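If you're matching them up, the sequences are chains Y and R in order.
Numbered according to this note's numbering, the first sequence spans residues 1 to 114.
Numbered according to this note's numbering, the second sequence spans residues 115 to 224.
What follows is one structure encoded as structure tokens, with my remarks underneath.
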Amino acid sequence: DTGVSQDPRHKITKRGQNVTFRCDPISEHNRLYWYRQTLGQGPEFLTYFQNEAQLEKSRLLSDRFSAERPKGSFSTLEIQRTEQGDSAMYLCASSGSGLSYEQYFGPGTRLTVT
Amino acid sequence: QKEVEQDPGPLSVPEGAIVSLNCTYSNSAFQYFMWYRQYSRKGPELLMYTYSSGNKEDGRFTAQVDKSSKYISLFIRDSQPSDSATYLCAALNRDDKIIFGKGTRLHILP
Numbered sequence: 001d002t003g004v005s006q007d008p009r010h011k012i013t014k015r016g017q018n019v020t021f022r023c024d025p026i027s028e029h030n031r032l033y034w035y036r037q038t039l040g041q042g043p044e045f046l047t048y049f050q051n052e053a054q055l056e057k058s059r060l061l062s063d064r065f066s067a068e069r070p071k072g073s074f075s076t077l078e079i080q081r082t083e084q085g086d087s088a089m090y091l092c093a094s095s096g097s098g099l100s101y102e103q104y105f106g107p108g109t110r111l112t113v114t
Numbered sequence: 115q116k117e118v119e120q121d122p123g124p125l126s127v128p129e130g131a132i133v134s135l136n137c138t139y140s141n142s143a144f145q146y147f148m149w150y151r152q153y154s155r156k157g158p159e160l161l162m163y164t165y166s167s168g169n170k171e172d173g174r175f176t177a178q179v180d181k182s183s184k185y186i187s188l189f190i191r192d193s194q195p196s197d198s199a200t201y202l203c204a205a206l207n208r209d210d211k212i213i214f215g216k217g218t219r220l221h222i223l224p
């Protein structure tokens with residue numbers, strides 16, 4: 001399978017714990033995006049990378065959130081001191097450079113904070 | 115006002131009918147428009163994208179953009195139960211970020 005993959009698919013954590021999600025993009029894509037989706041809403045942009053450079057972060061991304069793409073391949077999204085409001089689906093997408101309209105999404109990581 | 119507005123539905127139609135899904139947008143600078151299909155608890159799947167105004171067809175799916183009225187449409191011909199999903203319209207802004215609508219839940223009744 002050469003699509004975007006995400007791990008884990010589901011994560012249940014207690015409030016205050018830290019969690020980390022991983023995304024592996026389509027191999028030839030140099031752009032990688034993170035989105036958050038809550039029930040009944042469309043995905044909302046969080047941040048994106050061009051290769052290893054993080055080019056933009058949304059105001060939705062509080063200081064508790066950090067994303068990395070150390071070698072321009074896979075990316076991680078970490079949430080520190082989780083809150084119940086962080087419960088959502090976290091989606092990763094990738095695209096070729098200059099093809100941001102053609103983003104391909106992974107299956108998502110569903111986070112539940114209890 | 116959200117930049118991309120979409121009726122959440124649900125929309126129920128009988129199998130074989132033509133489905134019409136619609137969105138409006140507010141930013142006249144948008145140039146690329148996309149439709150994604152999302153099955154329950156899955157990631158969105160890109161169906162098609164269009165540039166500026168006009169029509170684009172792919173099998174049973176036709177996307178239509180009217181920039182003069184800021185209206186985006188997706189038509190599905192010969193609808194099948196497997197088309198039951200949430201359909202997300204979206205537009206690409208000048209910062210290369212996709213702005214999504216809330217999605218319309220579609221049910222095709224066998």
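Think of the CB as a built atom: it goes at the ideal place given N, C-alpha and C, for glycine as much as any other residue.
These numbers were taken from a predicted model, which means no experiment stands behind them.
List the endpoints of the continuous beta strand (DSSP E) containing residue i.
i, result
"GLN103/Y", "Run containing GLN103/Y: none; DSSP gives neither H nor E here."
"VAL19/Y", "19–24"
"GLY168/R", "168–172"
"ALA177/R", "175–180"
"HIS10/Y", "10–13"
"ILE186/R", "185–190"
"THR76/Y", "75–79"
"TYR153/R", "TYR153/R -> no beta strand (DSSP E), and no H or E assigned at all."
"THR114/Y", "Looking at the DSSP string, THR114/Y is not in any beta strand (DSSP E), and its letter there is neither H nor E."
"GLU159/R", "159–165"
"SER126/R", "125–128"
Applying the criterion that 16 or more other CB atoms from any shown protein chain within 10 Å of the CB defines a buried residue, is residue i buried or exposed?
i, result
"THR38/Y", "exposed"
"ASP86/Y", "buried"
"LYS116/R", "exposed"
"GLN103/Y", "buried"
"ASN30/Y", "buried"
"SER27/Y", "exposed"
"GLY106/Y", "buried"
"LEU111/Y", "buried"
"TYR146/R", "buried"
"LEU60/Y", "exposed"
"ASP210/R", "buried"
"LYS216/R", "buried"
On the three-state DSSP scale, how would you describe residue i?
i, result
"ASP209/R", "coil"
"GLN41/Y", "coil"
"GLY85/Y", "helix"
"ASP63/Y", "coil"
"ASP197/R", "helix"
"ASN136/R", "strand"
"LYS116/R", "coil"
"HIS29/Y", "coil"
"ALA53/Y", "strand"
"ASP7/Y", "strand"
"THR218/R", "strand"
"PHE147/R", "strand"
"SER94/Y", "strand"
"ARG69/Y", "coil"
"THR109/Y", "strand"
"ALA204/R", "strand"
"THR47/Y", "strand"
In chain Y, which residues lie less than 8 angstroms from residue i when you measure between Cβ atoms?
i, result
"LEU188/R", "Correct list: empty, because the minimum Cβ distance to chain Y is about 15 angstroms."
"ASP209/R", "GLU56"
"PRO122/R", "GLY40"
Strictly below 8 angstroms CB to CB, what residues from chain R border residue i?
i, result
"LEU46/Y", "Correct list: empty, because the minimum Cβ distance to chain R is about 10 angstroms."
"GLY106/Y", "GLY157"
"PRO43/Y", "PRO158, LEU202, ILE212, PHE214"
Give the interface partners of residue i over in chain Y, defined as CB-CB distance under 7 angstroms, in chain order.
i, result
"TYR163/R", "TYR101, GLU102"
How would you list, in chain order, the residues of chain R whose beta-carbon sits under 7 angstroms from the beta-carbon of residue i?
i, result
"LEU91/Y", "GLY157"
Relative to the ligand SAM, is the shortest distance from any of its heavy atoms to the C-beta of residue i smaller than 6 angstroms?
i, result
"VAL118/R", "What this structure holds is no ligand at all, so the ligand SAM is not there to describe."
Margin query: So, does the region 128–140 of chain R touch the region 83–96 of chain Y, judging by three or more C-beta pairs under 8 angstroms?
Written below: Taking 8 angstroms as the limit for Cβ pairs, the verdict is that the region 83–96 of chain Y does not touch the region 128–140 of chain R.
Checklist line | Validate contact between the region 7–17 of chain Y and the region 55–67 of chain Y using beta carbons, cut 8 angstroms, 3 pairs | finding: No, the region 7–17 of chain Y does not touch the region 55–67 of chain Y.
Note to self: With three or more beta-carbon pairs closer than 8 angstroms as the criterion, would you say the region 183–203 of chain R touches the region 117–136 of chain R?
What the structure shows: Yes, since at least three Cβ pairs between the region 183–203 of chain R and the region 117–136 of chain R fall closer than 8 angstroms, the two stretches touch.
Margin query: Does the structure place the region 173–182 of chain R close enough to the region 118–127 of chain R that three or more beta carbon pairs sit under 8 angstroms?
Written below: In short, these stretches do not touch, since the Cβ pair count stays below three.
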